[in-house]
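Numbering (the numbering used here), first residue to last: 1425 to 1883.
Encoded as structure tokens, the structure appears first; notes follow it.
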Amino acid sequence: MKKLHIFPTIQTFISSNNERELVRFCTRQHPADLAAALEEALAQDIHFLMARLDPGTASKILSHMTAELQSKVVIVLSDEILSAIIQAMYADDRVDLIRNIPDIRKDRLLHMLAKAERQDILKLESYAEGTAGAIMTSDYAALPADITVREALEKLRLEAPDKETIYYAYIINKNRSLIGSVSLRELILARPETKLQDIMQLDPIRAKVEEDQEEVARKILKYDLLAIPVTNGNEVLVGIITHDDVADVLQEEATEDFHRFGAMSHKVSDLNLNIRDAGFFSMLRKRLPWLLVLVFMNIFSGAGIAAFEDTIAAVVALVFFLPLLIDSGGNAGSQSATLMVRALAVGDVKLGDWLKLLKKEVGVAIGIGLCMGLAVSMIGIFRAGPDVAVVVAMTMVLTVLFGSLVGMSLPFLLTRFGLDPATASAPLITSIADIGGVLIYFSIASWYLRDIIAAAGAA
């Protein structure tokens, strides 16, 4: 059945009170499709459905919901139903859910869970946001090194229903320190009586609980892992991070960077806002602050123009080229910033590479500026004569160079001071390039056209 038909079908079963067919239908659908379909549902319909599904199925649907829809579902479900669903969820998913529940109700729900589950949730919840500990799960497969492949497979077969993944099993010693790993493929291909210590991969790639989640994502992508183990300062295995969690992190970070690069907001709560559901005042709060700052920055551009009133009065044709020149500098800066923010984000470059990249950027920017200067000089000759054409061509080279160097350097500068390089947003760079472009343009014009300006003044 097409995904578009899921919600109308659910509505039909609910309106006819056909619980049996409703449950049968939902168990045949993918949880992600059901979660998406319920975005359109009324609160009472969501309650009707979730209350009749078994906790395992309901937990999978809930884990695929957006944070906004989860909050809606949590409100309509009773403590008894919600606690059963939480028990059936994977450890990392239920911690994400618990974080969004008000403290009073959270305490009630935690006390309804088994002691081991309650302690596990509180432990995972204690890790700082944005770290490996905050996104890891404790549902992993751990095995001792001295058992056989046959024993390992039997143990995994019994534990598989409660584990998020068994594609990797992690080998630990008596102190629970991570000493190796073995894949399910290796276990299947090995002889049954072989000891795990003879086939395990020693010293597997790992993450630390306090490590930044972006660094963990890069490791998983670099080494092409389905999951990565997480250890504490004593190398004790405390959890794993799976590839689906990394996909969520990358999507979250990309959204955050794009919003910041567009000067949308600096607050995480604002960056996670769903634009489809956002209200007028939410969008106003999200977009207005940065733009107000940039408005006042652009006053300097106006002040620069005012300082060269005599030059403009003497050669009015200069005004024709002003938007073209300063926009070119801003565009060049935005290009450079985009490349640098991405390179810093994925780890292609580091702070120590700044000088090397600066030298390269100077050459590239001059080359681009010369080509653009040659093109605009043709317009200058036709529009205002050779003298203005020379000024316009020289300005084009220097504004492109200035904008490119600002766009390249600002992300490094922000990173150096521990700030998010994505804050080097296009509007911010454009404003800086505008100010610099105005000063460069009219300074060159005042110098090169000084005789024309003097003659106009004398007249």
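Glycine residues also receive a C-beta, built at the ideal position from the N, C-alpha and C atoms.
Quick one: Cα of G1861 to Cα of E1635, how far? 42 angstroms
Proximal residues to A1482 (C-beta, below 6 angstroms), its chain only, five neighbours per side dropped: M1474 and I1509
Could you have a look at Y1592 and say whether DSSP puts it in helix, strand or coil? strand
Does DSSP put I1652 in a helix, in a strand, or in coil? strand
If we count the other Cβ atoms within 10 Å of its Cβ and call it buried at 16 or more, is E1785 buried or exposed? buried
Select from I1623, K1619, L1477 and S1833 the residue whose C-alpha is nearest the C-alpha of L1781. S1833
Quick check on the DSSP output: what are the complete beta strand (DSSP E) runs of length 3 or more inside the stretch 1510-1538, in order along the chain? none
V1606 bridges to which residues according to DSSP? A1593
For G1793 and A1727, I'd like the C-alpha separation in whole angstroms. 26 angstroms
Looking at V1654: is its Cβ nearer than 8 angstroms to the Cβ of V1662? yes
Residue environment, D1531, which counts as buried when at least 16 other CB atoms sit within 10 Å: exposed
Please report the straight-line C-alpha distance between V1815 and L1798, rounded to a whole angstrom. 12 angstroms
Can you give the Cα-Cα distance for I1876 and A1737, rounded to whole angstroms? 11 angstroms
How is A1687 classed by DSSP in three states: helix, strand or coil? For A1687, the pLDDT reaches just 48, beneath the cut-off of 50, and the residue's location in the model is therefore unreliable, although a value from the coordinates is still provided. Coil, per DSSP.
Measure the C-alpha to C-alpha separation of R1574 and L1608 and round it to an integer number of angstroms. 12 angstroms
Between A1884 and E1583, is the Cβ-Cβ spacing less than 8 angstroms? A question about residue 1884 goes unanswered here, because the residues of the chain that appear run from 1425 up to 1883.
Delimiting residues of the alpha helix (DSSP H) encompassing I1805: W1778 to A1808
Within 10 Å of its beta-carbon, does I1612 have 16 or more other beta-carbons around it, so buried, or fewer, so exposed? exposed
Between which two residues does the beta strand (DSSP E) harbouring T1666 extend? L1661 to T1666
Roughly how far, in whole angstroms, is the beta-carbon of G1787 from the beta-carbon of A1857, given that I think they are within contact range, below 8 angstroms? That pair is no contact at about 19 angstroms.
Short check: CB of L1602 to CB of A1593, under 8 angstroms? no
To the nearest angstrom, how far is it from the Cα of E1549 to the Cα of H1535? 16 angstroms
Could you check whether T1572 and A1616 sit closer than 8 angstroms to each other, using their CB atoms as the reference points? Here residue 1616 turns out to be Pro, not Ala, going by the sequence shown. Yes, the Cβ-Cβ distance between P1616 and T1572 is below 8 angstroms.
Please name the residue in D1544, D1563 and I1623 whose C-alpha comes closest to that of A1903. This structure leaves residue 1903 out entirely; the chain is present only between 1425 and 1883.
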